[in-house]
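Asker:
In the working numbering, the protein residues as written are 23 to 139.
1. Answer yes or no: do residue 57 and residue 50 have a C-beta to C-beta separation smaller than 8 Å?
2. Residue range of the alpha helix (DSSP H) that residue 102 falls in?
3. Since residue 109 is in the beta strand (DSSP E), which residue starts that stretch and which ends it?
4. I'd like the list of long-range same chain contacts for residue 121, defined as Cβ closer than 8 Å, with 5 residues on each side in sequence excluded.
5. Assign residue 88 to buried or exposed, taking buried as 16 or more other Cβ atoms, counted over all protein chains shown, within 10 Å of its Cβ.
6. Less than 8 Å between the C-beta atoms of residue 76 and residue 85, yes or no?
7. In angstroms, rounded to a whole number, what distance separates the CA positions of residue 79 and residue 137?
8. Can you tell me which of the three DSSP states residue 41 falls into?
9. Cutting at 6 Å between CB atoms, please list the residues of its own chain near residue 61, excluding the five before and the five after it.
10. For residue 23, name the three-state secondary structure that DSSP assigns.
11. Using alpha carbons as the reference points, say which of 82, 25, 54 and 91 lies closest to residue 116.
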């Protein structure tokens with residue numbers, strides 16, 4: 023599937039990269055630690071900040087804008103009151119919004135990127 027979609031496989035499995043269909047389409051992740059893994063991926067591929075957090079975390083399908091009125095009964099009342107924009111996954115119907123956790127992730131990635139050569 024990765025070949026068909028022209029995607030790169032990120033793996034820590036040394037046996038997987040020996041398979042013929044994977045050989046030219048992978049990045050072997052060297053570390054067990056998340057921050058080091060992110061650092062490696064960012065140093066090899068960089069990152070378009072405009073594409074960050076634009077896919078479903080569960081399905082990896084691109085998220086789509088959804089009207090506020092559609093989500094009122096599906097998100098916590100506080101979230102509905104404080105957020106203006108919502109996204110949804112067309113695959114699993116999960117709903118996303120830019121909460122404080124998103125801001126923290128963006129800061130963490132920016133910090134990692136600053137330390138790269």
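Beta carbons are placed, not taken as given, at the ideal position from N, Cα and C, and that holds for glycine. Just so it is clear, the structure is predicted and the values come from calculations on it, not from any experiment.
Answerer: Straight from the coordinates:
1. No.
2. Run containing residue 102: 99–104, per the alpha helix (DSSP H) assignment.
3. 108–110
4. 101 and 105
5. buried
6. yes
7. Rounded to the nearest whole angstrom, the CA to CA distance from residue 79 to residue 137 is 26 Å.
8. coil
9. 134
10. Under the three-state reduction of DSSP, residue 23 is assigned to coil, being neither helix nor strand.
11. 82
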